[in-house]
Amino acid sequence: MSLSRRAFLRLGGAAAIAAPFLSLGRRADAAAAGPARRLIVFYFPDGVVGPSQDGEPSLWDPTGSETSFSLPVQLAPLERHKARCVFFRGLSMGPTDQGSHPGGAKKLLTAVDGGNGASIDQRLAASIGAGAPFRHLYLGAQANQNNASGDKHISYVAPGITTAPEDDPVAAFARLFGSAGGGGGAAGGDPRTPRRLTVIDNAGQELDQLRRELDTRDQRRLDLHLEALREVEARIMATAGGGPATCEHPVVDTGGITAATLYAPERFPQILRAQTDLMVQAMACGLTKVGVLQASHHTSELIMSRFAGTPMYDPGFDMRSHQASHYGPHHDPARREYRDYLAQRVWWVEQFAYLLDQLAARPEDGGTMLDHSLVLLATEVCDGNTHRHDDMPFVLAGGAGTIRPGRLLDVGGRRHADLLLALAHGMGDPMGSFGDASSGPLPGLLA
Amino acid sequence: MSLARWLACASLVWLIACSDDGPSGDGFDFAGSAGAARYAELCQVCHGEAGEGGLGPAVVDLAMSEAELAEVIDVTMPKNDPGRCTGACATEIAAFMKRGLTSSALRCDAVPPSARQLRLLTRREYRATVQDLFGAGAPAMTCGRATDCAYRDACTAGRCEPSACDRHTFVYDPQGRALRSVHVAGSWNGWPGTVAAGGWALTYDAATQLWTGSFTLPEGDDAYKLVLDERDWVADPRATASIPDGFGGMNSLLRLSCSGGGADDPVAGFPAEARPAGFPFDTAAAAQAVTATHVDAYLATAERLADHAAAAAPAWACDWSGDRAGCARGYVGDIARRAFRRPLTDVERARYDALADADVATAIHAILISPNFLYRSELGVAQGDGRYRLTGWEVATALSYTLWGTTPDAALLSAAERGDLDGAAGIEREARRLLADPRARAQLGTFALQWLGGEAVLTADKRPDLFPGFDDATRAALARETRDFVSHVVFDGGGGFAELLTADYTVVDATAARFYGLAAPTGGPGVVPYGDGRRAGVFGHASVLASTAHSDQTSPIRRGLWVRRNLLCQELPPPPPFAGGVPDVDPNATTRDRFAQHTANPACRSCHQYIDGIGFGFEQLDPVGRWRDTEQGHPIDATGELTDVEHLGSESVATYRTIPELARLVAGSRAAPACFVRQYYRFARGVQDSLAGRCARRALEQRFADSGGDVRQLMLDTILSRDFVVRR
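So the protein lines, in turn, are chains A and B.
Quick note: the first sequence uses our numbering, first residue 1, plus one each step.
Quick note: the second sequence uses our numbering, first residue 1001, plus one each step.
As structure tokens, then:
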């Protein structure tokens, strides 16, 4: 017993990549055409350096042609994944109620003004994701800080109803891989299984009874409850007799993350990394097919100048994400807000690139996990100072089996609803329309 | 139609509508109108909740046709971003405005019932409920040895006692095996293989035949194993959580927290409640939905509670050695009745009897994940006229959760059983009993902290180098100050609503007193006069002031918006797309100087005239709420102006020189007490503002004004209001 057992909760991501990895069966046809196996949305707050108020061009738009283009400074961290990404020009969210950040956050994954629709991740969780032990995995990094909720959370289980991400990687780890909750990773028969199934069955019967006494609106809420109950029931049944193959080596660095430090700004980079690792682990183990990683929330008070070892670092001055986003009318390097905002945005993209690194480092069916994934980078406005929604900074990464990557796609003002619909099709859900402005899946995106 | 004519005509009609308490309206279905929802989202901020106007003109009884109105909206609205609402959006809103925003539809002589609903227990309600069901007052949990108790309990003098938040008693039952040693190896001590290498040795007690050891541990999550004879590494069979150890086995997980949220917190892992924008409370019923994350957490907590309660069962008043099955059914049935807050139906009774016959723990586990426990019902019984009437049990439940934040006590359930709560007199009698109980004070404190947004004092980041003493204990004491102060004013002081805003004293403990530099009260929290004219009521509370400031600087904007939104219920449109942000920190300028552009620039001024003039008045209270005479060496100008306190757009201005003066201006308005009623109604009823509920609220506002702002009366009236028992 020479190796520290605690290592498996505390060692960093590098060890995880190096560890031998159990893949979920092998097929010879690497990166075969067909639906992607998983969708991950990576959200960060407060937009990017887009076109300035005074008309300077965006620092987000790649320059060049569809297949031959170069990345601007904010997208530089994606250089190594350029061939695996699709960049967009002219992708619009349309007019948004209430403008600015809340309007954008409500519409981001619902494609409906005011968040009056279930979000694409939840729709896909209910269709494509339904066979997985966890239909949906919603992990946050300080996304619930100071009771942030409501329109600050981007995943809508039903029209107007958001749910809260799990901000604590230790709790999330225990839920996914431990025995505390559903026991997604628990191998072998758990003696408590029969009892859990009995009480779930009882609750289901009572939900059915209660549902009959209700009007449609509350019925819908109880339907969600019932679906959640069925999900947990199926998961417990699947793991009861030793269960499906699960991974051998979940590794996440949570050292020093406690209830007391969970919302400390200096801990944020480590927490986001842990949640990213956890998302990848859960996906690799087949525990879920649909995940959302939410870093902070819109109009973020996250003090990014406390991130040690980054260009934003300055212990003597607090610069928050949202504060920096109001950098003024020009792209003016003489202004601190502007410089920090730019550095922050590059940092966010680096975190997204790290997620892609992790997926690309894991072999799967002759290719990598990334080949079988759709990974969407999203934020709720374009330029953080102008708050426009007409040229949104989405990036889609994933396998050539599903999308045609390595391109800069000029979509000429098409709505992002069409992008979200294309994601659904890419995941194998043939839904006919999505959101309030969908005119069909974004052309030229899918393979 | 010219805007001027439109405005004149609409305002005139609004005055008529306002003053008219005539016969019943035409029964417009506000709750079912699609246009009403869009109006609330897009138009209300300027034109008012009921079309009464504000930053925009009043729009009641518009003369133009529905088609004309739809075109106006399509082309010109919303004014700050025309084109945002076209087509169906515009026609739906126009239809709503022409039919719903009419003086007859808006009449309030007959209060329409509010909607029936299911209310998911909030985390604080759940915590209090299981405490009442299984904690104090529940059968005493006796133990012969430690394994009779739950994981985090120790067996002390024959009773299971919970361990301190930073201490844990490890217990291993060798089940007759002779062992030479048992030690704990984990992340705390570096996973030593032997006691000599630092393993924490347990000791064997021949009387109980258990190995035990009690240790003080750091807060946080830690993994461990028990090592038998310095050779066999085993997971702790008693642990409630475990994670893979990387070797194909499991490590036990121990989570210790002294600030809540530990594994022993029943709501650990429960997702936070969604709070819709503009709704500062955790009680918004329609915004909550149960996800698989909830179910996992409910299941785990219920499992733990059920094991505990089942182990406690033999101590229950029943002869378990005689009719064991009867005892089990009686015990389970009693828990089910209290958990469901009503008698069981025959079908339920049969089901829980069958579960109890098989296994008491399973039966209790089932009760605790039942929707009949997790949701409190405000569904009522159909009256045959499309309306529903709450049962006495539902009334008992609503009374208890509204006034106490927890499940009904035995007396309240008895009152329901006797039928006392089927009539107004019985409801009022019980409501008065509940209001006289200390739990009503605690619940009002919870309301106050959410209403004022003061909860964030516990978590809001403050630069440690600038505010070194602002530690967790201080933050907790400041949150407590707001709770204690509000309940003191309402329950002890006999003061009305105005006193909450204007009192020249506060209620602090020694820690909060030290923070403010006030004389410390003797003993626990006590009334301490401010004595310096610098603060007034909740305007002076650091819980509010710290929550509305940044980590390193004040925010006149947030503090101004706090008065507008939390105290006056006045919403402002979102900033225009090109709004600038916080001006650069400048060592040569005060915060007020830096924000001067807001009021200099006409585009900013249209909204910031309502915000900054209030926020500047707080400038002598620093980012954590401490007094300051200067800012970066510069004198501070803390005079201010309060524009249009009653109604945005009314173009009145009052100036003030101190916080107590500002507080008196706000407290003396009609808008502030009306807003307080609205906030309490939101909190108590768990419904977002709607035109359907507007009439009930207006009746409460009138009574509140007539009572001189008697908060206890408001709490009672909210329960006794006609729309409480009768639902649609």
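Beta carbons are placed, not taken as given, at the ideal position from N, Cα and C, and that holds for glycine.
Residue of the options minimising C-alpha distance to residue i
i          : options                                           : result
Phe1491(B) : Pro1218(B), Leu1714(B), His1550(B) and Pro1244(B) : Leu1714(B)
Asp1081(B) : Pro430(A), His387(A), Pro51(A) and Ile40(A)       : His387(A)
Ser127(A)  : Ser439(A), Ala424(A) and Ala447(A)                : Ala424(A)
Ala437(A)  : His322(A), Asp332(A) and Lys107(A)                : Lys107(A)
Gly1310(B) : Ile1364(B), Val1347(B), Ile1369(B) and Leu1444(B) : Here residue 1310(B) is Ala; the residue named in the question, Gly, does not match the sequence. It is Ile1364(B) whose Cα lies nearest to the Cα of Ala1310(B).
Val1624(B) : Asp1409(B), Pro1464(B), Ala1063(B) and Thr1102(B) : Pro1464(B)
Val1267(B) : Asp1422(B), Gly1249(B) and Leu1305(B)             : Leu1305(B)
Arg273(A)  : Ile154(A), Phe42(A) and Pro441(A)                 : Phe42(A)
Ala1286(B) : Leu224(A), Val252(A) and Asp253(A)                : Leu224(A)
Ala1696(B) : Ala1197(B), Arg1712(B) and Leu1720(B)             : Leu1720(B)
His101(A)  : Ser68(A), Leu75(A) and Lys152(A)                  : Lys152(A)
Thr1142(B) : Cys1160(B), Ala1150(B) and Ser1487(B)             : Cys1160(B)
Glu233(A)  : Ala259(A), Pro194(A) and Tyr327(A)                : Pro194(A)
Asp1265(B) : Arg1594(B), Thr1240(B) and Gly1248(B)             : Thr1240(B)
Asp1385(B) : Ser1033(B), Arg1728(B), Ala1031(B) and Phe1028(B) : Arg1728(B)
Sequence-distant residues of the same chain with beta carbon closer than 6 angstroms to residue i, five excluded per side
i          : result
Thr288(A)  : Ala132, Phe134, Leu137 and Ala282
Gly413(A)  : Gly90 and Ser92
Ile1093(B) : Gly1035, Arg1038, Tyr1039 and Ile1073
Trp1006(B) : Confidence is the limiting factor: at Trp1006(B) the pLDDT is only 32, short of 50, which leaves the residue's position unreliable, though a coordinate-based value still follows. Nothing meets the Cβ criterion.
Leu342(A)  : Val49
Pro1302(B) : First, the residue type needs correcting, since residue 1302(B) is Ala and not Pro in the sequence shown. Here the set comprises His1365, Leu1368 and Ile1369.
Close beta carbons around residue i, own chain, < 8 angstroms, minus the five adjacent residues each side
i          : result
Gly1524(B) : Asp1509
Arg1592(B) : Pro1556, Phe1616, Glu1619, Ile1636 and Asp1637
Cys1327(B) : Ala1313, Trp1316, Cys1318, Asp1319 and Trp1320
Thr1291(B) : Pro1271
Leu355(A)  : Ile40, Phe42, Thr276, Met279, Val280, Leu293 and Val375
Arg1712(B) : Leu1435, Val1490 and Phe1491
The beta strand (DSSP E) enclosing residue i, as first and last residue numbers
i          : result
Phe1030(B) : Unbroken run through Phe1030(B): none, as it is neither H nor E.
Met1250(B) : Met1250 to Leu1256
Arg407(A)  : Arg407 to Asp410
His1183(B) : Val1182 to Gly1186
Gln294(A)  : Val290 to Ala295
Val1653(B) : Val1653 to Tyr1656
Rounded Cβ spacing between residue i and residue j (contact assumed at less than 8 angstroms)
i          : j          : result
Ile1611(B) : Gly1693(B) : Actually they are not in contact, since the Cβ atoms of Ile1611(B) and Gly1693(B) sit about 28 angstroms apart, beyond 8 angstroms.
Phe88(A)   : Phe434(A)  : That pair is no contact at about 17 angstroms.
Arg1657(B) : Thr1639(B) : 5 angstroms
Val157(A)  : Ala111(A)  : Not really, about 16 angstroms apart at Cβ, beyond 8 angstroms.
Pro95(A)   : His298(A)  : 18 angstroms between Cβ atoms; not a contact.
Gln142(A)  : Tyr263(A)  : 6 angstroms
Ser1551(B) : Asp1622(B) : No, Ser1551(B) and Asp1622(B) are not in contact; Cβ-Cβ is about 12 angstroms, not under 8 angstroms.
Leu1568(B) : Ala1671(B) : 5 angstroms
Thr1102(B) : Ala1070(B) : At roughly 16 angstroms, the Cβ-Cβ gap does not stay under 8 angstroms, so Thr1102(B) and Ala1070(B) are not in contact.
First through last residue of the alpha helix (DSSP H) which encompasses residue i
i          : result
His1168(B) : Taken as a continuous stretch (DSSP letters only), His1168(B) belongs to no alpha helix (DSSP H), being part of the beta strand (DSSP E) at Arg1167 to Tyr1172.
Trp1393(B) : Gly1392 to Leu1403
Trp1320(B) : Element bounds for Trp1320(B): n/a, residue is neither H nor E.
Thr1599(B) : Ala1596 to Ala1600
Thr1156(B) : First-last for Thr1156(B): Asp1153 to Thr1156, but that is the beta strand (DSSP E), not the alpha helix (DSSP H).
Own chain, CB closer than 7 angstroms to residue i, minus 5 neighbours either side, in chain order
i          : result
Glu1651(B) : Asp1644
Leu377(A)  : Phe42, Phe352, Phe394 and Val395
Ser300(A)  : Pro45, Asp46, Arg320, Ser321 and His322
beta-carbon residue i near the ligand PLP non-hydrogen atom, thresh 7 angstroms
i          : result
Cys1160(B) : Absence of the ligand PLP from the depicted structure is noted, as is the absence of any ligand whatsoever, leaving it without description.
| field | Inter-stretch contact (C-beta, 8 angstroms, three-pair minimum) for the region 1380-1396 of chain B and the region 1420-1436 of chain B | value | yes
| message | Could you check whether the region 1266-1281 of chain B touches the region 1118-1127 of chain B, counting it as contact only if at least three pairs of C-beta atoms, one from each stretch, sit closer than 8 angstroms? | response | yes
| said: Within 8 angstroms, do at least three Cβ pairs link the region 1525-1537 of chain B to the region 1697-1716 of chain B? | reply: no
| Taking contact to mean at least 3 C-beta pairs separated by less than 8 angstroms, is the region 1212-1222 of chain B in contact with the region 1231-1239 of chain B? | no
| request: For the region 330-346 of chain A and the region 49-66 of chain A, state whether three or more C-beta atom pairs, one from each stretch, are separated by less than 8 angstroms. | output: yes
| said: Any contact between the region 1341-1358 of chain B and the region 1167-1181 of chain B? By contact I mean 3 or more CB pairs, one from each, below 8 angstroms. | reply: no
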